[in-house]
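Some notes on the structure that comes next.
There are 2 protein chains.
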Amino acid sequence: LDEFSLIDRIKTAVRARAADPRVVLGIGDDAAVLDAALGRIAVTTDAMIEGVHFGFDLCSPADVGERAVAVNLSDLAAMGARPLALLFSLEIPRSMDDGVVLAVMRAAGRAAARHSAPVVGGNVTSTPGPFGVTVTALGDVAGDAFLTRSGARPGDAILVSGPLGAAALGLILLRDHPGHARSHPSLVRSYRRPAARVELGMTLGSAGGVHAAIDVSDGLLADLGHVLDASKVGARIDVERIPLPRGARRVSRDLGLDPLDAALSGGDDYELLVFADPAEPAVQALRRVGTVTKARGLTLHRDGKRMILPDVRGYRHRK
Amino acid sequence: LDEFSLIDRIKTAVRARAADPRVVLGIGDDAAVLDAALGRIAVTTDAMIEGVHFGFDLCSPADVGERAVAVNLSDLAAMGARPLALLFSLEIPRSMDDGVVLAVMRAAGRAAARHSAPVVGGNVTSTPGPFGVTVTALGDVAGDAFLTRSGARPGDAILVSGPLGAAALGLILLRDHPGHARSHPSLVRSYRRPAARVELGMTLGSAGGVHAAIDVSDGLLADLGHVLDASKVGARIDVERIPLPRGARRVSRDLGLDPLDAALSGGDDYELLVFADPAEPAVQALRRVGTVTKARGLTLHRDGKRMILPDVRGYRHRK
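Line by line, the protein sequences give chains A and H. By the working numbering, the letter at position 136 of the first sequence is numbered 123, and the numbering carries on one by one without gaps. By the working numbering, the letter at position 318 of the second sequence is numbered 305, and the numbering carries on one by one without gaps.
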């Protein structure tokens, strides 16, 4: 397919069934035009490169499309923003089958539609390098009802929206123990198709007692560190309170791994890490794992005893 | 530099001197938050890949940064939008010197500041492929005061904002006749540092008699074709009225080229192609090159005589 035919087929693949009234002008012009009815826009962009962030040996094209959407919507969730629209910039190796590109984009379109985030634009270019998808996600925000990394306060409860370490264990299974992978479909799925906490993020964004949030993409300790740095506070984490995914203990025992290591340092879970007044109703269903302290620095406790901080693999992204 | 240090230096490089009150939350959180004071947002994204869209043999790092900004702001100009913010997604080969990346981004930051388009976010990833810059540009728009490709009407004047073919001639000089290139600095500069018609676009966007616009990135005939298709109309172009860049005739004669070919099919000029009521005051300073016709199809005339349509190289993008 030439570029224009491919773009036409991508447009069809990502077209949502019902037109979104917020899209004044969609794909096909010099820019998209969107209604910013709440008066403020949240915007984020992230790239996924084959061989760096994923491989087609471990992920299907549909996984890649789903994941590209989830990673970006997760950033909006961490802001408490309502998804408004997505743009896709695709870098396509000359040798790549257009069918793979279309499978990626059909899955991306489905994931986008599930979260009411219409695909409104993008571009396609060939590349001598690997396949890449750069997504830009726009959300809308009312007034100051958004969540930064810098709002955590001493005394805040630190909470997580779900189990941590599943994606890291799923990746280890797929990459290093493919024979075991099929016995742990939910861990594998957590790696291949993480779920962005979009609805929860919107609820938290409009709850007055929620002071800060971040999504767990680099690992709990790394992302916690980003918030502590930005908020100029410290934290105590009670590691036995961190929820582990189902099957994590068993698979870790079988493979000689530490499930706590995956939970503390494994990235790509896309759960939300939330900093809130402990009495805030909107966080009562979340699991509290610690407390913000005035004293800077992070301490980990296990059953009340202070731990030596483990080697924090997640703290620095792979460049 | 590791990823976080590089990001810190990029942040410093692109930080504008004066804070923009429209930026509620800038670089450094999960997303940027922007005031959409006019109620509507225009958004576009475009990628520039080394070896596909530019080469460091022909362009300096500063040229690349300037160009990445201009290409995207030009899309906003073609919508009649006011620049609001930019995001940069950088793909950096492991072997690349961080100094080159910083030189690209310093120039990008200067170009962004010149057009009041603060850099509010982005991301950095390593890649086994070539260097790439994907820019997302946001603009704001009031009500229906924006320009699409689909609004051209029979009887509209077709106008261009400046000379065409300069960038194509500049590229040919640099690539094929480097010895001649230094004698034609303005052509070379048109290729390396095209100027986005941002101010003009905003003026046209709020002028009631302007019905459609596109920026000339693929070449006059190709971009004209996009508007004619979208508007379901045809056009007559009087080619002797197309403004040629200074020096184009002489350099074309010296090198055995046809300056009209560069003007019709050469891309990357980023002038605006405008479709408007001939009496609209806002277009009186632009050069009229033709008229929209009810009959579909495009005819070219030279001194009143119909031309055989030349081989339209620009009409299909290189994929």
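Idealized CB from N, CA, C, for every residue including glycine.
- DSSP places Gly212(A) in the helix class (H, G or I) of the three-state scheme.
- For Gly277(H), the uninterrupted beta strand (DSSP E) segment begins and ends at Arg274 to Thr280.
- Between Val128(A) and Ala29(A) a beta carbon distance of about 5 Å is seen, short of the 8 Å cut, so the two are scored as contacting.
- Contact annotation, Arg9(A) with Leu(-7)(A): C-beta distance approximately 27 Å; criterion of less than 8 Å not satisfied.
- What Met66(A) touches in chain H, judged by beta-carbon distance under 8 Å, is Asp16, Asp17, Ala18 and Val20, going in chain order.
- Apart from the 5 residues on each side of it in sequence, Gly196(H) sits with its Cβ closer than 6 Å to the Cβ of Ala263, Asp264 and Glu267 in its chain, given in chain order.
- Ranked by Cα distance from Ser177(H), the options Leu160(H), Gln271(H) and Asp248(H) are led by Leu160(H).
- Here DSSP, grouped into helix, strand and coil, assigns His40(A) to coil.
- Residue pairing by DSSP puts Ala72(A) in a beta bridge opposite Leu125(A).
- Between Ala183(A) and Pro105(A), the C-beta spacing is not below 8 Å.
- A contact between stretches requires three or more CB pairs, one per stretch, nearer than 8 Å, and the segment 204 to 211 of chain A meets this requirement with the segment 248 to 259 of chain A.
- In this structure the segment 237 to 244 of chain H does not lie against the segment 179 to 194 of chain H, because fewer than three pairs of beta carbons, one per stretch, are closer than 8 Å.
- Here Ser113(A) carries a strand assignment [DSSP, helix/strand/coil].
- With respect to the 8 Å criterion, Leu77(A) and Val88(A) are classified as neighbours on the basis of their beta carbons.
- A distance of 8 Å or more separates the beta carbons of His288(H) and Asp241(H).
- Ranked by Cα distance from Gly277(H), the options Ile224(H), Asp256(H), Val270(H) and Asp143(H) are led by Ile224(H).
- Boundaries of the alpha helix (DSSP H) around Val56(H): Pro48 to Met66.
- Excluding sequence positions up to five before and after Thr121(H), its CB lies within less than 6 Å of the CB of Ala34 and Ser76, all in the same chain and listed in chain order.
- Secondary structure at Phe(-9)(H): helix, using DSSP grouped into helix, strand and coil.
- Taking 8 Å as the cut-off, the beta carbon of Gly67(A) is found closer than this to the beta carbon of Gly188(A).
- The beta carbon of Ala98(A) sits no closer than 8 Å to any beta carbon of chain H.
- Counting the other Cβ atoms within 10 Å of the Cβ of Asp202(A) gives 16 or more, which makes it buried.
- For the pair of segments examined, the segment 124 to 139 of chain H was found to touch the segment 47 to 66 of chain H: the number of CB pairs separated by less than 8 Å reaches three.
- Within chain H, Ser76, Glu78, Asn110, Thr112 and Thr121 have C-beta atoms less than 8 Å from the C-beta of Ala34(A), given in sequence order.
- Within the segment 181 to 207 of chain A, those residues whose Cβ lies closer than 7 Å to any Cβ of chain H are, in chain order, Ile201 and Asp202.
- Per the DSSP secondary-structure output, Ala95(H) pairs with nothing in a beta bridge.
- Counting only residues of its own chain and dropping the five nearest sequence neighbours on each side, Phe(-9)(A) has no CB closer than 6 Å to any other CB.
- At least one C-beta of chain A is nearer than 8 Å to the C-beta of Asp62(H).
- Interface flag for Ile145(A) against chain H is unset, since no Cβ pair is found closer than 8 Å.
- Taking all protein chains shown into account, Pro70(A) has 16 or more neighbouring C-beta atoms within 10 Å of its C-beta and is therefore buried.
- The secondary-structure analysis by DSSP pairs Met189(A) with nothing; it has no beta-bridge partner.
- Note on Glu53(A): 16 or more other CB atoms within 10 angstroms of its CB, so buried under the neighbour-count rule.
- A straight line joining the alpha-carbon of Met83(A) with that of His40(H) spans about 19 Å.
- For the pair Leu158(A) and Val220(H), the Cα-to-Cα distance works out to about 54 Å.
- Here His102(H) is not near Val11(H), since their CB atoms are 8 Å or more apart.
- In the DSSP assignment, the residues bridged to Val120(A) are Met35(A) and Leu77(A).
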